[in-house]
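Read in UniProt numbering, the sequence shown has 477 at position 477, and its numbers run on one by one without any break.
For glycine and all other residues, C-beta sits at the position ideal for the given N, C-alpha and C.
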Amino acid sequence: MVYVHDVIKELHALYIIIIIISPTTPPPALRIFSSYVPVPPHKPKCTLSRRRLLMKRMHRIPSKTSEDPEDLSNQDLTDDTMEEEEEEDPDIERCLELVTQNATGTLVGRDRCVCEMLLPDSSFPAKKVGLLEDETVRLSNRVEHEMQTIEEQDIRLELLMQKLMNLTRRVEHLEKLRPQDLIEFNFELLRMEMKEMEIFVMELRKKLNGSNTHVETLYDEVRNVSKIVNELETLDKNNVLKAQRDMEALKKKILDCEKNLKNMKPPISIPLGSCQHRGLLRIGSPNLLLMNWKGSGYKYGAWGKDAAWNATKRMMYWVAPLNTDGRILESVRTYPLLYDLQMNRSPTDLSLSTTIKNKVNYTNAGQGSGMVVYNNNLYYNCYNSRDMCRINLSSAVHQRKTIPKAAYNNRYSYSGSSFQDFDFASDEKGLWVLHATDDNVGNMAVGKINVATLTVNGTWTTAQLKHGISNAFMICGVLYVTRSVSPKQEEVFYTFDTKTGKDSAISIMFEKLMERVQSLNYNPNDRKLYMYNDGFLVTYDVVIKP
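As structure tokens, then:
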């Protein structure tokens with residue numbers, strides 16, 4: 001800042017000089033008054049005045065042209081007047097005579113006149129003006145350079161102030177911790193940052209010579225923070241060493257992982273609809289879509305897409321909430337596309353119950369959350385019976401068939417989901433119904449449905465009790481059974497292969513948003529699971545073993 005003030009002072013002085021002698025400013029004129037001389041009647045002529053004699057003398061003595069004319073005029077010229085007139089050049093005399101004749105004169109008395117004329121000051125120091133212009137350019141460049149340097153320092157100072165505030169907050173947090181709580185903290189990085197700030201602030205102090213109190217305050221703060229960091233590092237010496245060892249171990253693990261990734265072969269892509277694989281590998285994270293269209297009070301029901309492999313309306317979505325009693329299914333709503341479902345746009349409602357004389361008839365209604373849509377038909381457990389019902393979503397044509405000996409009316413339902421005695425499932429191999437009978441003492445049975453005749457052609461009995469599980473689904477003719485592990489976790493723990501008739505125990509964990517699972521359907525068209533979870537519509541990606 002001191003340098004800038006000095007430069008400004010120099011510029012100010014230079015500006016004053018330029019104004020005085022600038023070539024763009026017209027030179028001041030010298031007003032010359034002649035002496036009072038007699039005016040002869042035959043030839044009006046003004047004699048040489050004191051000023052005129054001075055001009056002649058200045059003309060003859062060029063080395064003194066830069067002196068003050070007033071100083072020269074004060075010299076005694078009386079003794080030299082006649083001598084100067086005698087030595088006067090005729091050309092100069094003639095010039096002065098003409099000027100005098102053309103000048104404005106004023107008569108004073110009868111025989112005297114006063115002549116007045118303006119003569120320009122022709123002495124102009126052009127060389128000095130050129131030097132002053134060069135000096136002006138040099139000083140202007142110097143000012144610009146100094147101003148740019150100050151701006152850059154201000155920017156760096158602002159950045160360091162922000163960094164100091166951040167470091168101060170970190171140090172204040174560390175000061176509140178007990179020594180044993182200071183673990184895995186990188187004091188070396190903190191010390192390097194403080195050292196960088198301290199060096200820069202010291203450079204500023206040297207340049208400003210202590211004239212900036214803000215920089216002095218910043219310097220004191222940096223020194224204080226550095227001191228605190230050193231004290232904290234002393235307290236946490238053992239933990240720093242432990243953190244370094246842990247960091248080295250972690251780096252080694254990362255390198256090992258990178259090496260393993262390079263050696264891994266790219267995953268084999270299994271086409272949709274294909275069963276040339278070794279079954280379920282894992283289930284992805286839950287993807288919440290939205291709440292069902294009736295609201296949070298309708299916690300039971302099911303939803304999904306048309307689950308028939310390569311179905312003509314496989315982009316159609318359906319949602320079927322049960323009544324608030326968790327038992328009766330009175331209607332189903334469909335949407336042409338997923339976006340329509342999300343925006344609740346263009347819905348189509350199909351009623352399953354009828355009203356006769358102000359009384360609701362549930363003959364064609366359903367019960368439980370085990371319904372599924374297969375090839376544009378809704379399959380469900382008919383109300384208050386062991387019959388399975390089917391209704392076409394376009395024509396509303398209704399059909400029903402009895403499953404002999406199948407338990408119903410909440411006899412063997414899933415845990416956490418009432419009246420789900422029938423659970424319809426679909427996969428790459430067709431449509432299935434999961435139920436239980438009194439003959440097998442509540443063990444789950446898997447029945448293959450012939451959709452052409454609406455009959456069960458084959459049944460496999462498993463060793464798993466139906467009321468001890470939370471839900472189930474089918475993939476490529478293999479039954480996968482789930483159970484609740486915690487309010488937020490579900491486990492696939494049991495499988496049964498209808499092709500071989502063999503079962504096995506597995507453990508595949510996946511998350512859930514709410515505790516109870518009312519419905520879980522697999523769709524082979526997109527290889528996803530569709531869960532109705534306490535009224536929320538949730539999907540999961542399924543990963544298959546090659």
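May I ask you to report which of helix, strand or coil DSSP gives MET202?
In the sequence shown, counting from the first residue as 1, residue 202 sits at position 202. Reduced to three states, the DSSP call for MET202 is helix.
According to DSSP, is ASP68 part of a helix, a strand, or is it coil?
Here residue 68 refers to the residue found at position 68 of the sequence shown. Residue placement at ASP68 is poorly supported in this model, since its pLDDT is 48, which falls under 50; the coordinates are not used for a value here.
To the nearest angstrom, how far is the alpha carbon of ARG138 from that of GLN148?
Counting from 1 along the sequence shown, the entry for residue 138 is found at position 138. Counting from 1 along the sequence shown, the entry for residue 148 is found at position 148. Cα-Cα distance, rounded: 15 Å.
Using 7 Å as the threshold, is the C-beta distance between GLN518 and SER418 below it?
Within the sequence shown, the letter at position 518 stands for residue 518. Within the sequence shown, the letter at position 418 stands for residue 418. It is not a contact, given that the beta carbons lie outside the stated cut-off.
Whose C-beta lies closer than 7 Å to the C-beta of ASN523 among residues of the same chain, with five residues either side of it excluded?
For the purposes of this step, residue 523 is taken as residue 523 along the sequence shown, with counting starting at 1. Excluding positions up to five away in sequence, the list reads GLY304, LYS305, ALA307 and TYR530.
Paired residues, beta bridge with GLU490 - DSSP
Taking the sequence shown and counting its residues from 1, the one referred to as residue 490 is at position 490. Its beta-bridge partners are SER484 and PHE510.
Between the alpha carbons of HIS398 and SER504, how many angstroms are there, rounded?
One-based indexing of the sequence shown puts residue 398 at position 398. One-based indexing of the sequence shown puts residue 504 at position 504. The straight-line gap from Cα to Cα measures roughly 38 Å.
Taking buried to mean at least 16 other C-beta atoms within 10 Å of its own C-beta, is GLY447 buried or exposed?
Indexing the sequence shown from 1 puts residue 447 at position 447. The residue in question, GLY447, is buried, as its Cβ has 16 or more Cβ neighbours within 10 Å.
For ASP256 and ASN263, the rounded distance between their alpha carbons
Translated into positions along the sequence shown, residue 263 becomes position 263. Translated into positions along the sequence shown, residue 256 becomes position 256. The alpha-carbon atoms of ASN263 and ASP256 are separated by roughly 11 Å.
Boundaries (first-last residue) of the beta strand (DSSP E) holding MET474
Looking up residue 474 in the sequence shown gives position 474. Residues 471–475.
So, THR461 versus ALA472, is the Cβ gap smaller than 7 Å?
In the sequence shown, residue 461 corresponds to position 461, counting from 1. In the sequence shown, residue 472 corresponds to position 472, counting from 1. Contact flag unset, no.
What's the call for PRO27, buried or exposed, on a 16-neighbour Cβ count within 10 Å?
As a first step, residue 27 must be located in the sequence shown, where it is residue number 27. At PRO27 the pLDDT is 46, less than 50, meaning the model places this residue with poor confidence; the figure from the coordinates comes in the next sentence. The residue in question, PRO27, is exposed, as its Cβ has fewer than 16 Cβ neighbours within 10 Å.
For the segment 336–354 and the segment 399–412, state whether three or more C-beta atom pairs, one from each stretch, are separated by less than 8 Å.
no
Where does ASP154 fall in DSSP's three states?
As a first step, residue 154 is located in the sequence shown; it is residue number 154 there, counting from the start. Helix, per DSSP.
For LEU465, the nearest candidate out of PRO546, ASP438, TYR374 and PHE536 (CA to CA):
For the purposes of this step, residue 465 is identified with residue 465 of the sequence shown, where counting begins at 1. The residue with the shortest Cα to Cα distance from LEU465 is ASP438.
For GLN75, I'd like the list of residues in its chain whose CB is within less than 6 Å of its CB, leaving aside the five on either flank, ordered along the chain.
In the sequence shown, residue 75 corresponds to position 75, counting from 1. Any reading at GLN75 needs caution, since the residue's pLDDT is 45, under 50, leaving its predicted position unreliable; the model's value is listed next. Taken in chain order, the list of residues that qualify is empty.
Going by beta carbon distance, what residues of the same chain come within less than 6 Å of GLY458, once the five residues before and after it are set aside?
Position 458 of the sequence shown, counting from 1, holds the residue named residue 458. If we look at GLY458 and ignore the five residues flanking it on each side, its Cβ neighbours are LYS448.
What's the C-alpha gap between residue 549 and LYS252?
Nothing in the structure corresponds to residue 549, since the chain is present only between 1 and 546.
Given this structure, state the Cα-to-Cα distance separating ALA452 from LEU290, to the nearest angstrom.
For the purposes of this step, residue 452 is taken as residue 452 along the sequence shown, with counting starting at 1. For the purposes of this step, residue 290 is taken as residue 290 along the sequence shown, with counting starting at 1. The straight-line gap from Cα to Cα measures roughly 35 Å.
Measuring only the C-alpha atoms, how far is LEU479 from LEU393?
On the sequence shown, residue 479 is found 479 positions in, with the first residue counted as 1. On the sequence shown, residue 393 is found 393 positions in, with the first residue counted as 1. Cα to Cα, LEU479 sits roughly 27 Å from LEU393.
Among ILE328, CYS476, ASN450 and ASP427, the one whose alpha carbon lies nearest that of ASN410
Taking the sequence shown and counting its residues from 1, the one referred to as residue 410 is at position 410. Ranking ILE328, CYS476, ASN450 and ASP427 by CA distance to the CA of ASN410 puts ILE328 first.
Quick one: what does DSSP say ARG138 is sitting in, helix, strand or coil?
Looking up residue 138 in the sequence shown gives position 138. Helix, per DSSP.
With distances taken between CB atoms, is the gap from LEU520 to ASN533 smaller than 7 Å?
Here residue 520 refers to the residue found at position 520 when the sequence shown is read from its first residue. Here residue 533 refers to the residue found at position 533 when the sequence shown is read from its first residue. The answer is no: Cβ separation not under 7 Å.
Are there 16 or more other CB atoms within 10 angstroms of the CB of SER369, so buried, or fewer, so exposed?
Translated into the one-based positions of the sequence shown, residue 369 becomes position 369. Buried: at least 16 other Cβ atoms inside 10 Å.
Enumerate in chain order the residues of its own chain whose CB-to-CB distance from TYR362 is below 6 Å, with the five nearest sequence positions on each side excluded.
The residue given as residue 362 occupies position 362 in the sequence shown. Same-chain partners within the cutoff: SER353 and TYR383.
Give me the Cα-Cα distance between ILE199 and SER486, rounded to the nearest whole angstrom.
The residue labelled residue 199 in the question sits at position 199 within the sequence shown. The residue labelled residue 486 in the question sits at position 486 within the sequence shown. A straight-line Cα-Cα distance of about 57 Å links ILE199 and SER486.
When you compare each of ILE469, ASN525 and SER507 to CYS476 by their alpha carbons, which one comes out closest?
For the purposes of this step, residue 476 is taken as the residue at position 476 of the sequence shown. When each option's Cα is compared against that of CYS476, the closest is ASN525.
The ligand MN heavy atom lying under 6 Å from the CB of ASP256
Ligands displayed in this structure: none; no statement on the ligand MN is therefore possible.
N- and C-terminal bounds of the alpha helix (DSSP H) containing ASP340
Along the sequence shown, read from residue 1 onward, the residue named residue 340 stands at position 340. It spans 338–343 - the alpha helix (DSSP H) in which ASP340 sits, taken as one unbroken run.
Cut-off 6 Å between Cβ atoms - residues of its own chain near ILE391, not counting five sequence neighbours on either side:
The residue you call residue 391 lines up with position 391 of the sequence shown. For ILE391, where only same-chain residues beyond five positions count, the Cβ hits under 6 Å are LEU378 and HIS398.
Helix, strand or coil for GLN464, going by three-state DSSP, please let me know.
By one-based count along the sequence shown, residue 464 stands at place 464. Three-state DSSP puts GLN464 in a strand.
Pick from PHE424, ALA407, LEU132 and VAL538: whose alpha carbon is nearest that of SER385?
Position 385 of the sequence shown holds residue 385. For the residues PHE424, ALA407, LEU132 and VAL538, the minimum Cα distance to SER385 belongs to ALA407.
Compute the Euclidean distance between the alpha carbons of TRP318 and LEU341, then round it to the nearest angstrom.
Taking the first residue of the sequence shown as position 1, residue 318 is located at position 318. Taking the first residue of the sequence shown as position 1, residue 341 is located at position 341. The alpha-carbon of TRP318 is positioned some 8 Å away from that of LEU341.
Pick from GLN276, ASN141, ASP134 and LEU159 that is closest to ILE544, judged by C-alpha positions
Taking the sequence shown and counting its residues from 1, one reaches residue 544 at position 544. The closest CA to that of ILE544, considering only GLN276, ASN141, ASP134 and LEU159, is found on GLN276.
Just verifying my parser: in three-state terms, what is the DSSP assignment at GLY304?
Residue 304 sits at position 304 when you count from the first residue of the sequence shown. It is a strand residue.
Could you check if HIS435 is buried or exposed, using at least 16 other CB atoms within 10 Å of its CB as the buried criterion?
The residue labelled residue 435 in the question sits at position 435 within the sequence shown. Buried.
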